[in-house]
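In the numbering used here, the protein residues as written are 1485 to 2064.
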């Protein structure tokens, strides 16, 4: 009763300055890594060519950042630790054209309030440096000092004035790891600057100025192989501004079970925009199996007026005026670059080669020279129309053989080609052939005599509404009869046999905006392809093999390799026939 009385009797008050500053400091400075982030941003904004970072005791005892940038004058030092003091912006209009990493004027003020702060700085115009000392936000001294051009910032006894925050810090080793992670984010974003990282007196990392690709390779040498790392970039119109995307990525041979190494940078800042991380995953989707994630560093340069970083004190979030344009640019840039990592496909059979499939008397009927036409690939309990590979009759003199041997484990088709043995995953191979066939079709809608009806749950209903136009581009016409009740009124002729698959796809909201075609076609291909355990007859297997050897991409739509290949020499070596 007394508690209720006290609550009712409370009146609104203006917080004391010391309380409000503690709240503000806690928002900006969460841990030692936050201090490292803010000090590195200031050093980079100061046009430093070399930045050295020292941490002690996980950053709680001391964090020291030394740069050779433009420095601060005595007048600047008097103001730099005050709330909302900044040299980056001066008006509301400047918020629309932010090019610096820092701009809020909160970092040094927050750091000064929760630590013992010392700054020594000198500009080119001054003969001597000046030293500023601030403890818990209170000015202790400002005096002349010895010092080189640039700035040294020392932060000691972090959170000594905020003991509650200090209690929630992790172990020194964990905090040190966080600091290093932030350091790495800045180092790989600004390769033209030299960086050194010291922990408890020992230099852990030295990164001299370099090109971007070399900086990433030297920073993550334990994870990346130079021969498997590519660099690609593209530009795209973005309204009245510019948009450039540069990607340093690893080939699909290098992957992880988490998203730890998908890094997105926007105008030099590391951001955690899930839609862009998804774009990277989608760009790799045809090259990596499910549950595997790539190494990719994406650098987005975009007109400042097309983004807004003034959302979160730590500037980890960003709003885009046209997020879909950025997303599609990342996807197309990646897909164009990754074609070089397609599994080596044996050279297509030409008029200079001879292939044998099965008995020699069948060669004439199997390898006639003819224009592309539709044929039926017969499967146990299943049929699917795919285009015949356009294979020309090779002359007998070359002696090249493409020979189907048989099936093993109900999974793989064995094929001998030249001096190599191919183990072809029958489901993955058929899946890719069907997928490529669907992609080539023209989506001409055909009215259904009896519309296909289905219902969706509340969450899926809204998702479906947002993607109606994309389905229509695929020739799938949808009408919402009433909330959650839908009718498919038209489908392309080549999809008529897959109503059940399409209905399931629509009901469960599986489609991802922007990738609807690939998502749907990969779903159909997976369901329609020959299954594990099914045994194709010899003619069907031969047709499937011919289709496989004429693919441009030897991976299934989900990214799994279609085959494994071993040469005659490798096989002989394995069984000790070294002289064969």
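The beta carbon of each residue, even a glycine, is placed where N, CA and C say it ideally should be.
Nothing here was measured: the structure is a model prediction, and the numbers come from that model.
Extent of the continuous beta strand (DSSP E) run through residue i
{"i": "residue 1757", "result": "Run containing residue 1757: none; DSSP gives neither H nor E here."}
{"i": "residue 1935", "result": "1929-1939"}
{"i": "residue 1890", "result": "1886-1892"}
{"i": "residue 1965", "result": "1961-1966"}
{"i": "residue 1613", "result": "1613-1619"}
In DSSP terms, what residue i is bridged to
{"i": "residue 1653", "result": "Residue 1653 is not bridged to any residue."}
{"i": "residue 1907", "result": "1898 and 2048"}
{"i": "residue 1676", "result": "In the DSSP output, where bridge partners are listed per residue, residue 1676 has none listed."}
{"i": "residue 1637", "result": "1549 and 1603"}
{"i": "residue 1739", "result": "1778"}
{"i": "residue 1976", "result": "1929"}
{"i": "residue 1538", "result": "1548 and 1682"}
{"i": "residue 1793", "result": "In DSSP, residue 1793 forms no bridge with anything."}
{"i": "residue 1783", "result": "1730 and 1749"}
{"i": "residue 1713", "result": "1734"}
Alpha carbon of residue i to alpha carbon of residue j, nearest angstrom
{"i": "residue 1529", "j": "residue 1752", "result": "11 Å"}
{"i": "residue 1527", "j": "residue 1537", "result": "11 Å"}
{"i": "residue 1755", "j": "residue 1642", "result": "26 Å"}
{"i": "residue 1644", "j": "residue 1599", "result": "6 Å"}
{"i": "residue 1728", "j": "residue 1707", "result": "27 Å"}
{"i": "residue 1568", "j": "residue 1523", "result": "16 Å"}
{"i": "residue 1874", "j": "residue 2027", "result": "Annotation note: pLDDT 30 at residue 1874 (below 50); position unreliable, no value reported."}
{"i": "residue 1612", "j": "residue 1514", "result": "34 Å"}
{"i": "residue 1783", "j": "residue 1663", "result": "22 Å"}
{"i": "residue 2018", "j": "residue 1894", "result": "6 Å"}
{"i": "residue 1709", "j": "residue 1976", "result": "46 Å"}
{"i": "residue 1743", "j": "residue 1969", "result": "37 Å"}
{"i": "residue 1633", "j": "residue 1549", "result": "14 Å"}
{"i": "residue 1551", "j": "residue 1636", "result": "7 Å"}
{"i": "residue 1980", "j": "residue 1700", "result": "49 Å"}
{"i": "residue 2061", "j": "residue 1905", "result": "16 Å"}
{"i": "residue 1929", "j": "residue 1952", "result": "14 Å"}
{"i": "residue 1910", "j": "residue 2047", "result": "9 Å"}
{"i": "residue 1745", "j": "residue 1627", "result": "45 Å"}
{"i": "residue 1590", "j": "residue 1917", "result": "57 Å"}
{"i": "residue 1597", "j": "residue 1670", "result": "25 Å"}
Beta-carbon proximity of residue i to residue j, cut-off 9 Å
{"i": "residue 2049", "j": "residue 1907", "result": "yes"}
{"i": "residue 1638", "j": "residue 1601", "result": "yes"}
{"i": "residue 1780", "j": "residue 1732", "result": "yes"}
{"i": "residue 1901", "j": "residue 2033", "result": "yes"}
{"i": "residue 1616", "j": "residue 1525", "result": "no"}
{"i": "residue 1496", "j": "residue 1678", "result": "no"}
{"i": "residue 1739", "j": "residue 1785", "result": "no"}
{"i": "residue 1519", "j": "residue 1603", "result": "no"}
{"i": "residue 1897", "j": "residue 1913", "result": "yes"}
{"i": "residue 1948", "j": "residue 2001", "result": "no"}
{"i": "residue 1825", "j": "residue 1737", "result": "yes"}
{"i": "residue 2037", "j": "residue 1717", "result": "no"}
{"i": "residue 1521", "j": "residue 1672", "result": "no"}
{"i": "residue 1758", "j": "residue 1818", "result": "no"}
{"i": "residue 1945", "j": "residue 1961", "result": "no"}
{"i": "residue 1705", "j": "residue 1540", "result": "no"}
{"i": "residue 1938", "j": "residue 1987", "result": "yes"}
{"i": "residue 1675", "j": "residue 1734", "result": "no"}
{"i": "residue 1991", "j": "residue 1940", "result": "yes"}
{"i": "residue 1619", "j": "residue 1605", "result": "no"}
Boundaries of the alpha helix (DSSP H) in which residue i is found, first to last residue
{"i": "residue 1985", "result": "1983-1991"}
{"i": "residue 1597", "result": "1591-1597"}
{"i": "residue 1819", "result": "1807-1822"}
{"i": "residue 1955", "result": "1952-1957"}
{"i": "residue 1699", "result": "1696-1703"}
{"i": "residue 1686", "result": "Note, residue 1686: premise wrong, no alpha helix (DSSP H); beta strand (DSSP E) at 1686-1691."}
{"i": "residue 2024", "result": "2022-2032"}
{"i": "residue 2005", "result": "2000-2012"}
{"i": "residue 1517", "result": "1516-1529"}
{"i": "residue 1559", "result": "1558-1564"}
Contact set for residue i: own chain, Cβ-Cβ below 8 Å, skip 5 residues either direction
{"i": "residue 1658", "result": "1542"}
{"i": "residue 1982", "result": "2008, 2011 and 2012"}
{"i": "residue 1661", "result": "none"}
{"i": "residue 1472", "result": "Only positions 1485 to 2064 of the chain appear in this structure, which leaves residue 1472 out of reach."}
Nonlocal neighbours in the same chain, by C-beta distance under 7 Å from residue i, ignoring five residues either side
{"i": "residue 1763", "result": "1811, 1814 and 1815"}
{"i": "residue 1915", "result": "2009, 2010, 2013, 2040 and 2041"}
{"i": "residue 1773", "result": "2042, 2043 and 2044"}
{"i": "residue 1720", "result": "1727, 1809 and 1813"}
{"i": "residue 1592", "result": "1564 and 1565"}
Same chain only: Cβ atoms within 6 Å of residue i, ignoring 5 sequence neighbours per side
{"i": "residue 1461", "result": "Here the chain covers residues 1485 to 2064 and nothing more, so residue 1461 does not appear."}
{"i": "residue 1922", "result": "2005"}
{"i": "residue 1750", "result": "1784 and 1802"}
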